[in-house]
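Peer 1: Structure in structure tokens, see below.
Next up, the structure:
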């Protein structure tokens, strides 16, 4: 998590202020539950809220840090500092609980908050993608497989494809959020020996979580692994969109360009350059988000009821992966929303191959005219190779090939070279992606 | 995919016989759809089924390979061989389609089949885990955090925990299966320029798939990435259970042992050794399944409408990850079902620490008796340290500590050292995991 | 390791024939050493060689497999089968040794053999790269950063860069080979309790290995981790070269093309297409080689003196990573050696940007003429933006900018637009990469 | 890079102060070289040193940040700020150079500095390991394979093994340091079009680097990949040592314990617990260091002469991986140096298996007494199984087995149960690891 690739709202989720605030809420709600059970006095719970419910300022955080420096135990440091505010009743705080009850539930809350923010990011991205998709629904451009011109598509289809993919990612993240949103207050080995399961249920409900069905001091790490794996998939989709834009912006293609702000200098050496640095950066950020996946999976196999090897990993990847992905989604949204398209270049590229992109259609027409698939292929290929060699465009070549014109009348042949043929189902695809009323 | 770690049913999914069979089904159903649309003669579609619907024998596969050796194109080799059986009508096969329509839809079918088999594996594992969980619901054993004795749990809770985790994995895999089960027959760049979307819808329905909303010659690879990431999470859960058993079997613990068959020799050098080789092996297999995750994510960012860099990756990880996980799940099921538990060792370990494991309860009792948390901690700690130093068991030490007995009467003190205290909520946890009627 | 991406020589290293052959050599040499020490009769060692030194045929391998199916122990199966040939003296075989002595030393031999083959592959690749580098030393082409035209380079420099990188990789692999080439015959926990260190030293020398200074039943896995990490770096370099070619071949660039064999069909749908499928494939293969790295590192932390979790991992990644990289290096060599370059396209692209690529030089000239860096930048940028906008080429624009011509005389300005300026140090760079006499 | 796992010296390498200081040195040395070449006035170079050679204070850094916020270009921001100190002569700074010349060379310097610090860390760790190895050279303890008691080893051998491994890692890091220590000042595409190669050579020499033979605006990323892969191997070795200690500390084994400071509280719930939290933490830190490896390899395949996707990755993993490993090495050194060993527990465990660990030796003695390997195995196994079943120790069982005593006289049998037998080659192994004079 480095400032350059952080946004304040996500960074705040991982700040000590928020962490201690969540710890406080867990402890205070647990006191309420214990009071309801009669385990601790109702006045004690009340005192915790009345005297403890205040922001974690820099001073308070420093005080907690000082105590931890001595005790080397973070939760004891926290409750000790809390006791300095709450007073004698503080001895009822944390009763029957173990540190992990607080730490793990807090992490679940933070990861849920982070997921909510990422979902918001994705909504913004989806909106931008939809806008650009509708705007360029029929902006016909060259489709490419293997980097080689294939058949026409539309710019709108590209945006719509990213939209469909990000929509799937949104559902994945929703499920990962649901999976991580559990609360464990089950004691030192998860048996509720010293605490009634009601406390867990109560705190869970207050915090919008589900009780963890079976915890073992810790919430099982398969949940976290799913979460980070989902971030990895989302990041890979970000990389896909970024890669597309990088390709479209390269000098020889130049169908699109990242927005270039006034004051910005592209290169100290080559002032004319407008580099797709934002999408290149997104490519790198995707690698960074993905690198959390394997450690998160290695974290699953803790020893017996728990070991703490996962903790340092999560301290790092928790903030890093969510902050980086938040930044990446916002940056991609900005790039998409402001992407400059160059219609002339799009059209120039479309025509570059002399109509070779229509060869598949000619092939089909020949087959339908009764020519065997192999012969059709041969006929198209020999003309295509001439076009490839620079002898002219495909329509001219075919017109001059008697074996072709013997099967397909000239008029029919010309009709095959029609862009509308390639866009006739775009609306059907858009309906699949955006629903029937998307254009309304 | 090496024979040692393969099971025939999963290996068969990835064998050429099955692959070509699926290709045939895609092409033949597509012919039916094209016939319904009037694009090709109904007789042609009929001929494909009548003369082409037969098993892919070793001979046929060899023939396809021979053709591919010349054409260097697998689908053309396939359709050419098919034409040798179907005859002239074969020219209507594959009409308007592109190779990826066949390849990608086939891969989706194979991954769906593999998921179904893995789900079956997981059901068997879940059943074994439930059986052992119920059997040992109240087999009290030592719970450990950090590898250090903590408080009592039960062996049943361990199995139940793995069950709950594997149940979550089952849901993840169901969703990944749903996500991968799509059909793309949309042509060279996904625009349906040369083929009606009806064909895709028809074939999808026949094969139990959903039409891919927007394909770009290929099915988007975020779906595959989710799938392999899910396998990685499942494998990590396998590793967790395996690690637990490896720990329980180590000489000093020896609470459990993998089943040791009669003829088996543990070691050429040390005939007494019974090594947890199956679970050690599972630890390694987990690494192998996980290693597919990052390449699958790297596959997402294909260039433009597609490049073929993903293909070699999927040829390897498709079979490898599913075959390995299938083997691992079956092996783990076998290990769980036949795991030998040693009640005497379990009890011996339980008592090893002289009752230190009850210290948390004593701590709580002191707090509830009005001692401050810090003082309670100090009181328990000073007695615990004596036990740790070998001076006797905790109950004796506490009994001899007047500062303690001043707060807790002797009778109450003794009652704190009761295993039933630790198991009182086991049933509640089992209800969460297995439902209310699990013991019925 | 799938046939499609395997070459026979590398596959043979991992075949049972070779494995059992190495096992035999280890055992037989160990017998010699034991005989020299007087631990076993000299006749016994002689008998092992005389009656046991024969190829491992399919029949022998099947026999070993049958025995292993019963004993579930591979080395016992091996020695049992060997005894069937050697007779009574076979009881002296494997004396004082443990299975890992054989298995780990064998793996070291196989990994050394694989490294030797990969080094040979790299030599072939280096030769091809050097040939193409010298051939195109002065084929000036556009250099690109961020995919955007920058300043001229030469095609030879591209090849030379890959050469320099692969040369470094060669050195890395040599070191990894040296690191893995150790022999462990130290008994069950590495103490030489039952065997004299002389045996290890003797066998090591016979097999061209170093004795492992300290083994713990197994050779420490940091050696293997280094090896697979090195393969991962090499694969990444393969991907870099492949990515360059994919870019050069894309339709809009088309400066280079993979060799296209006569019978080959590029696409069933678009017969004109010549896709860079070999280099796309190499991109995927790089991912496959890299995926071995993390599991190999996870293998390092074995429990105590050893656990067997590494074994399944190595059974898979040992063959897979080396076979795949062998195939990839050979494929890349073939692609490089036969790469078709298109001089006209190279020149067309070079001139595409209207001379903007000379802007850096103009910038420098202005600075040297006493203009401040910021003003120089501004002057060049305003003209560059006009060129970018399509108003003409840079030289014309500058010529028409009086603020520029006031500082740089027209003649000097023209001289700045000279390709020779960019190639003047190519020879110096070639000398660094290929040595002073490379052109001789 | 989070404070909890950072040490100041390594963190300082990655701080802006150090980065800008290195940038300054590169630019200033380059000015000297350009002055020597006559490209810029000697006075200009002198002015840069005289007026620019001062620390980068917080104020200066803030100023640079402010400028970058406008220009969105870090190196321009840097040179602009520098010009505010140097004055008019600043226009000669950065002449003929491109940003990457500064950035990449700076990164090389930082990675070299980081390597030097890590080498120092490793030296401290090696010293601690050697001390403990010599101290416990003959502290006989149980050796374990598969977590199961095997044959005796010594604690010293464990430390010596980690020493040998870390020594290999030291050599790997030395080579990685050498590999990364290159300087590139070659201009926008690496052709030295605008700058004489002498500048690169001169600056390289001043900074203790080698000139990069062939750069393409950037230093090739295979160097960085090797570097991070090496860190990954080292981290894995750290994990291995940490895992050993975690095992030795678990309650049932308890042969060793991390040092437990006075004020430290092990657990809020179980005051008796002394958890191996430092080594558990090291296990997690190893995962964090390893996660840099794959992104570093993905960084290799930059597009054409460079793209900037690697940059964000390196901004993160550069500091993170080195800071984390520095912290981990120091923590491991501390753990090793202060590790508490418990001789009584070591001995108790040694005897736990009733002498079964001597079975291999008995097996050998039987073979040498003329019994076939299979019969010997059977004889030992049947007695071993009785011991395993709790009927007594192995020596008693064998003494009572007439088939055994018929072959081995009682006296000889007893002599087989001698620990000295297992330690007789420890000195030879120590000589291999520490050299002949290690004990002097």
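Residue numbers (the UniProt record's numbering), protein chains in the order written: chain H, 1 to 440; chain Y, 1 to 440; chain C, 1 to 440; chain P, 1 to 440. C-beta: ideal position from N, C-alpha, C; glycine also.
1) Starting from the Cα of residue 364/P, find the closest Cα among 120/C, 188/C, 23/C and give me that residue.
2) With a CB to CB cut of under 6 Å and the five nearest residues on each side skipped, what residues in its chain are close to residue 83/P?
3) Would residue 346/H pass as an interface residue toward chain C - the criterion being a Cβ-Cβ separation below 8 Å?
4) Using the beta-carbon of each residue, which ones in chain H are nearer than 8 Å to residue 292/P?
5) What is the DSSP secondary structure of residue 341/H, counted as helix, strand or coil?
6) Flag this pair as touching only if the segment 43-53 of chain C and the segment 347-356 of chain C have three or more C-beta atom pairs under 8 Å; answer yes or no.
7) Check whether the Cβ atoms of residue 111/P and residue 180/P lie closer than 8 Å to each other.
8) Kindly indicate which three-state DSSP category residue 408/P falls into: helix, strand or coil?
9) Distance, Cα to Cα, residue 267/Y vs residue 107/Y?
10) Provide the residue(s) that pair with residue 171/P in DSSP beta bridges, ordered along the chain.
11) What is the DSSP secondary structure of residue 210/P, counted as helix, strand or coil?
12) Given a limit of 7 Å on CB to CB distance, which residues of the segment 310-339 of chain P reach chain H?
13) Could you name the residues of the segment 379-399 of chain P whose beta carbon sits closer than 9 Å to any beta carbon of chain C, in the order they occur along the chain?
14) If you draw a straight line from the C-alpha of residue 155/H to the C-alpha of residue 211/Y, how long is it?
15) Any chance the segment 165-182 of chain Y sits against the segment 133-146 of chain Y, with 3 or more Cβ pairs inside 8 Å?
16) Run the CB neighbour count on residue 389/P, radius 10 Å, all protein chains shown included, and call it buried at 16 or more, exposed below.
17) Can you tell me where the beta strand (DSSP E) holding residue 142/C begins and where it ends?
18) How big is the Cα-Cα spacing for residue 185/Y and residue 168/Y?
19) Which runs of the alpha helix (DSSP H), 4 residues or longer, sit entirely within the segment 247-314 of chain H?
20) If residue 102/H sits next to residue 26/H, beta carbons under 8 Å apart, how far is it from one beta carbon to the other, in whole angstroms?
21) Hey, how far is the Cα of residue 269/P from the Cα of residue 100/H?
22) Quick one: what's residue 85/C bridged to in DSSP?
23) Could you spell out where the alpha helix (DSSP H) holding residue 428/P opens and where it closes?
24) Between the C-alpha atoms of residue 452/P and residue 129/P, what's the straight-line distance to the nearest angstrom?
25) For residue 18/P, go through chain H and note every residue whose CB falls closer than 8 Å to its CB, in chain order.
26) Would you decide whether residue 420/Y is buried or exposed? Buried here means 16 or more other CB atoms lie within 10 Å of its CB.
27) Just to confirm, is the Cβ distance from residue 280/Y to residue 172/H under 8 Å?
28) Give me the residue from 413/H, 114/H, 132/H, 49/H with the minimum Cα distance to residue 341/H.
29) For the alpha helix (DSSP H) containing residue 13/H, name the first residue and the last one.
30) Does any C-beta atom of chain C lie closer than 8 Å to the C-beta of residue 56/Y?
31) From the DSSP output, which residues share a beta bridge with residue 152/P?
32) To the nearest angstrom, how far is it from the Cα of residue 119/H to the Cα of residue 113/H?
33) Name the two residues that bound the continuous alpha helix (DSSP H) containing residue 385/P.
34) Do residue 191/H and residue 422/Y count as a contact pair if the criterion is CB distance below 8 Å?
35) Would you give the residue range spanned by the alpha helix (DSSP H) that residue 58/P belongs to?
Peer 2: Checking against the coordinates, here is how it stands:
1) Residue 364/P sits at position 364 when you count from the first residue of the fourth chain. It is 188/C.
2) Along the fourth chain, one-based indexing puts residue 83/P at 83. Excluding positions up to five away in sequence, the list reads 90.
3) Walking along the first chain from the start, residue 346/H turns up at place 346. Not one beta carbon of chain C lies nearer than 8 Å to the beta carbon of residue 346/H.
4) The residue you call residue 292/P lines up with position 292 of the fourth chain. Against chain H, a Cβ distance below 8 Å from residue 292/P picks out 291.
5) Here residue 341/H refers to the residue found at position 341 when the first chain is read from its first residue. Strand at residue 341/H.
6) Here the segment 43-53 of chain C does not lie against the segment 347-356 of chain C, with fewer than 3 beta-carbon pairs under 8 Å apart.
7) Position 111 of the fourth chain holds residue 111/P. Position 180 of the fourth chain holds residue 180/P. Closer than 8 Å, so yes.
8) Here residue 408/P refers to the residue found at position 408 when the fourth chain is read from its first residue. If DSSP states are grouped into helix, strand and coil, residue 408/P belongs with coil.
9) The sequence position of residue 267/Y within the second chain is 267, counting from 1. The sequence position of residue 107/Y within the second chain is 107, counting from 1. Model confidence at residue 267/Y stands at a pLDDT of 49, short of 50, so the residue's coordinates are unreliable; what they give is reported in the following sentence. Between residue 267/Y and residue 107/Y, the C-alpha separation is close to 42 Å.
10) By 1-based counting over the fourth chain, the position of residue 171/P is 171. Answer is none; residue 171/P lacks a bridge partner.
11) Your numbering for residue 210/P matches position 210 in the fourth chain. Looking at residue 210/P - three-state DSSP - the assignment turns out to be strand.
12) Flagged, chain order: 310, 311, 312, 313, 315, 316.
13) Taking 9 Å as the Cβ-Cβ cut-off against chain C, none of the residues of the segment 379-399 of chain P qualify.
14) For the purposes of this step, residue 155/H is taken as residue 155 along the first chain, with counting starting at 1. For the purposes of this step, residue 211/Y is taken as residue 211 along the second chain, with counting starting at 1. So the alpha carbons of these two residues sit roughly 22 Å apart.
15) Too few Cβ pairs lie closer than 8 Å, so no.
16) Position 389 of the fourth chain holds residue 389/P. Under this definition residue 389/P is an exposed residue.
17) Here residue 142/C corresponds to residue number 142 of the third chain, with the count starting at 1. Boundaries of the beta strand (DSSP E) around residue 142/C: 140-145.
18) The residue you call residue 185/Y lines up with position 185 of the second chain. The residue you call residue 168/Y lines up with position 168 of the second chain. Spanning the two alpha carbons is a distance of roughly 33 Å.
19) The qualifying runs are 277-290, 293-298.
20) Here residue 102/H refers to the residue found at position 102 when the first chain is read from its first residue. Here residue 26/H refers to the residue found at position 26 when the first chain is read from its first residue. Right, the Cβ-Cβ distance comes to about 5 Å (below 8 Å), so this counts as a contact.
21) Indexing the fourth chain from 1 puts residue 269/P at position 269. Indexing the first chain from 1 puts residue 100/H at position 100. With a pLDDT of 44 at residue 269/P, under the threshold of 50, the predicted position of this residue should be treated as unreliable, though the coordinate-derived value follows. Here the C-alpha atom of residue 269/P lies approximately 10 Å from the C-alpha atom of residue 100/H.
22) For this step, residue 85/C is matched to residue 85 along the third chain. Paired residue(s): none; residue 85/C is not in a bridge.
23) Locating residue 428/P in the fourth chain gives position 428, counting from the first residue. Per DSSP, residue 428/P belongs to the alpha helix (DSSP H) from 426-434.
24) Examination of residue 452/P is not possible in this model, given that chain P is present from 1 through 440 alone.
25) Along the fourth chain, read from residue 1 onward, the residue named residue 18/P stands at position 18. Neighbours of residue 18/P in chain H, taken as residues whose beta carbon is under 8 Å from its own, are absent, since the nearest beta carbon is some 16 Å off.
26) For this step, residue 420/Y is matched to residue 420 along the second chain. Burial call: exposed.
27) Position 280 of the second chain, counted from the first residue, corresponds to residue 280/Y. Position 172 of the first chain, counted from the first residue, corresponds to residue 172/H. The Cβ atoms of residue 280/Y and residue 172/H lie no closer than 8 Å to each other.
28) One-based indexing of the first chain puts residue 341/H at position 341. Just measuring C-alpha positions, the residue of 413/H, 114/H, 132/H, 49/H sitting nearest residue 341/H is 132/H.
29) Position 13 of the first chain, counted from the start, is the residue given in the question as residue 13/H. Residue 13/H -> alpha helix (DSSP H) spans 8-13.
30) Numbered from 1 along the second chain, position 56 holds the residue referred to as residue 56/Y. False, the Cβ-Cβ gap to chain C never drops below 8 Å.
31) Here residue 152/P is taken as the residue at index 152 of the fourth chain, counted from 1. According to DSSP, residue 152/P bridges with 142/P.
32) Walking along the first chain from the start, residue 119/H turns up at place 119. Walking along the first chain from the start, residue 113/H turns up at place 113. As the crow flies, the alpha-carbon of residue 119/H is around 10 Å from that of residue 113/H.
33) Your numbering for residue 385/P matches position 385 in the fourth chain. Unbroken alpha helix (DSSP H) run through residue 385/P: 373-388.
34) The count along the second chain starts at 1 and reaches residue 422/Y at position 422. The count along the first chain starts at 1 and reaches residue 191/H at position 191. Taking the C-beta atoms as reference points, residue 191/H is found nearer than 8 Å to residue 422/Y.
35) Position 58 of the fourth chain, counting from 1, holds the residue named residue 58/P. For residue 58/P, the enclosing alpha helix (DSSP H) begins and ends at 58-71.
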